[in-house]
Amino acid sequence: MINSQAINATASIRNEVVLDNPTEIPRINDRLTEELVFALVGPVGSGCSTAAELLKEVLVDNYKYEVHYYKLSDYIIQEASLVSNDSLQENKAEADRIEFLQNIGDLLRKECGQSYLAAKAIENIASKRETHGFGKTVTGQSVPKKLRHVHIIDSIKHPEELKLLRDTYREIFWLIGVFAPYSIREQRLSTAQPSISKKLISRITDRDYLEDEDHGQKVRDVFYLADFFVRNDQQNKIQLKKTIERFVDVLFGSPVHTPNIHESTMYAAYAEAAKSACLSRQVGASILSQGGELIGLGRNDVPRFGGGLYAEDNGESDHRCHAWGERACYNDKKKEVLYEQIFSRLQKSGLLASGASLEQITKELKSTDVKSLIEYSRAVHAEMDAITSVARTHKAGLLGGTLYSTTFPCHSCARHIVASGINKVFFIEPYPKSLAMELHSDAVSENEGDEGKKVLFLQYSGIAPKNILKLFNAGLTRKDSNGKLKAFDKKHATPVVAVSLDDYATHEKWVIAELEQNEKKLREKQTSFPGI
297 MINSQAINAT
307 ASIRNEVVLD
317 NPTEIPRIND
327 RLTEELVFAL
337 VGPVGSGCST
347 AAELLKEVLV
357 DNYKYEVHYY
367 KLSDYIIQEA
377 SLVSNDSLQE
387 NKAEADRIEF
397 LQNIGDLLRK
407 ECGQSYLAAK
417 AIENIASKRE
427 THGFGKTVTG
437 QSVPKKLRHV
447 HIIDSIKHPE
457 ELKLLRDTYR
467 EIFWLIGVFA
477 PYSIREQRLS
487 TAQPSISKKL
497 ISRITDRDYL
507 EDEDHGQKVR
517 DVFYLADFFV
527 RNDQQNKIQL
537 KKTIERFVDV
547 LFGSPVHTPN
557 IHESTMYAAY
567 AEAAKSACLS
577 RQVGASILSQ
587 GGELIGLGRN
597 DVPRFGGGLY
607 AEDNGESDHR
617 CHAWGERACY
627 NDKKKEVLYE
637 QIFSRLQKSG
647 LLASGASLEQ
657 ITKELKSTDV
667 KSLIEYSRAV
677 HAEMDAITSV
687 ARTHKAGLLG
697 GTLYSTTFPC
707 HSCARHIVAS
717 GINKVFFIEP
727 YPKSLAMELH
737 SDAVSENEGD
747 EGKKVLFLQY
757 SGIAPKNILK
767 LFNAGLTRKD
777 SNGKLKAFDK
787 KHATPVVAVS
797 LDDYATHEKW
807 VIAELEQNEK
817 KLREKQTSFP
827 GI
């Protein structure tokens, strides 16, 4: 039974939304926005601005969008006086220009917050929307109009910038990761400034990729979180534009695109990673034979007797770290023991300064590579699990195959990959602890010029696996009533992932307004009923 308090509350809500004309009540599905926000991220020299230019062309020419472009370096130049007396002089050498932007950008993030530059972009996006106006609903609320607009932000450098953009725009925000091999990026910087030294190029690119300071540039920590990864290593723009066109077509629900071999195989690795219960991280791997057949899957988790790894289905026999012994990461526990052992030995030998504590020594040791030790883990790594799964099931195709891993392989996995005969590895997330390139540069390379001579470790390109089902399983209707391929009208197509321009409280008021109108019509139609 509904109490009087609830009845009074309902009446109050209805009084707010009483309308005379039911046709004025907005349809919730008609309020799905067509607006999109893109940001680009990529190492210096990778060509983010080129990709942004081509993205704009595709959206304007093919999809008839109005495009607004925001270059974060412009905000750095405009707001430099907030943190420095320096200014960017005209005709400055390319290296000097880049370092000026790096210096001032760092200062702005330090003094104004790590997401400052993203906030400036959001401010300008909001001003564009204000310019194009808001509309009034029948309930008297001011809501944004539906706009076929896209905003392109070139480019972000810090995880907090990404976080603010994602928190603000949610499902209408897409991050594009642009990359090129180091040799190509080096060549581009040399072309822009022929006198630049390799040492200076290295300094600029290293700083861009990952600075130590919290407010510094951290492209590495942003890039792997992209929704789409695009390779930009050609002199002409034809292939790059085709790649971007495909991504945009998929984003708008083109019925003729499906995941390519790279996307489907990396998705298999991504799905396998979800089965890992490792307390440190989830990693997945998959192996493709030379013939394009998926022959192996692996994840990082604890091995079990009889072959394979423990899994959810093992129930009480599940002896993964979260359910075994002290329920802790044994790699971390062993390192804590090591810190204590080192402290004890130094103390006994008289090598410690008077008054030095275990906490002080541990803090210093954690700033060394001791903290990066990984060999005390109980887990088999994903790449190793994938390789052993092929051997365990007697499958052929490992020799000359390709391994896909959600994370860059560690040095231990790298040597197993080399020994197994795999020719190529694709990865998404970097792994700073890996010494693969340092310890196995004789057999492993990130340079595609070494193909056929070394195992290539390459950045994955394609739609991020986290978006595969979202974009390729969107309930698309592919045929018309005659059974023929349905026409795809790009000029009027809408994104397959769209959000409402309004909040759920607004939706509730519209539903109640329609409810009130329907009941009002019934009341006016008949005030009395015949007896039953």
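When you read off a place in the sequence shown, starting at 1, and then add 296, the result is the number in the numbering used here. We put the beta carbon where it would ideally sit given N, CA and C, even for glycine.
Alpha-carbon spacing of residue i relative to residue j, whole angstroms
i: H677; j: R393; result: 43 Å
i: D326; j: D798; result: 11 Å
i: S380; j: H445; result: 35 Å
i: L328; j: T790; result: 9 Å
i: E507; j: K514; result: 6 Å
i: D628; j: G401; result: 36 Å
i: A607; j: D614; result: 7 Å
i: A417; j: T427; result: 15 Å
i: L531; j: S498; result: Reading off the sequence, residue 531 comes out as Gln, not Leu. Their backbone Cα atoms lie some 22 Å apart in a straight line.
i: P318; j: N814; result: Here P318 scores only 47 on pLDDT, less than 50, and its place in the model is too uncertain to base an answer on.
i: V356; j: K729; result: 43 Å
i: I683; j: I713; result: 8 Å
i: N420; j: H803; result: 28 Å
i: V795; j: E725; result: 28 Å
i: K775; j: V552; result: 11 Å
i: K817; j: K766; result: 41 Å
i: H736; j: F396; result: 37 Å
i: T346; j: D510; result: 29 Å
i: V601; j: E482; result: Note on identity: in this sequence residue 601 is Phe, with Val being the wrong assignment. Near 50 Å, if we compare the C-alpha coordinates of E482 and F601.
i: S550; j: V792; result: 9 Å
i: G651; j: K630; result: 25 Å
i: R466; j: F784; result: 26 Å
i: N778; j: K352; result: 35 Å
i: S875; j: T664; result: Only positions 297 to 828 of the chain appear in the structure, and residue 875 is not among them; the question remains open.
i: D316; j: Y800; result: With a pLDDT of 43 at D316, under the threshold of 50, the modelled position of this residue cannot be trusted; read the value that follows with caution. For D316 and Y800, the distance between alpha carbons rounds to 23 Å.
Distance CB(residue i)-CB(residue j) smaller than 9 Å
i: N596; j: G338; result: no
i: T698; j: F723; result: no
i: K453; j: L413; result: yes
i: F524; j: F543; result: yes
i: V251; j: S701; result: Residue coverage of the chain in this structure runs from 297 to 828, which leaves residue 251 outside it and unanswerable.
i: G603; j: V474; result: no
i: K787; j: K360; result: yes
i: L661; j: I638; result: yes
i: L458; j: L404; result: no
i: E636; j: L648; result: no
i: Y366; j: D450; result: yes
i: V333; j: L461; result: yes
i: L695; j: K537; result: no
i: L593; j: S582; result: yes
i: V598; j: C625; result: no
i: H558; j: G758; result: yes
i: G580; j: Y566; result: yes
i: A732; j: P705; result: yes
i: E390; j: Q489; result: yes
i: V807; j: I448; result: no
i: Q410; j: P455; result: yes
i: P477; j: E810; result: no
i: H707; j: E679; result: no
i: I764; j: S572; result: no
i: F469; j: A348; result: no
Bounding residues of the beta strand (DSSP E) (the contiguous stretch that carries residue i)
i: H445; result: H445 to D450
i: F469; result: F469 to F475
i: F334; result: L332 to V337
Residues that DSSP places opposite residue i in a beta bridge
i: H364; result: H447
i: G758; result: F525
i: T689; result: According to DSSP, T689 bridges with nothing at all.
i: Y700; result: S582 and F722
i: F753; result: V721
i: K424; result: DSSP lists no partner for K424.
i: S741; result: L752
For residue i, the first and last residue of its enclosing alpha helix (DSSP H)
i: K720; result: Looking at the DSSP string, K720 is not in any alpha helix (DSSP H); the run it does join, the beta strand (DSSP E), is K720 to E725.
i: V518; result: V515 to F519
i: E509; result: No alpha helix (DSSP H) holds E509; DSSP gives it neither H nor E.
i: V807; result: Y800 to K821
i: H707; result: H707 to S716
i: D776; result: It is not in any alpha helix (DSSP H) - D776 carries neither H nor E in the DSSP assignment.
i: D402; result: E390 to C408
i: V633; result: Y626 to K644
i: D463; result: P455 to Y465
i: S345; result: C344 to D357
i: A732; result: A732 to L735
CB contact below 9 Å: residue i versus chain D
i: I724; result: The chain labelled as chain D is not found in the depicted structure, where only one protein chain is given.
Whole runs of the beta strand (DSSP E) within the region 542 to 606, excluding any shorter than 3 residues: 580 to 584 and 590 to 595
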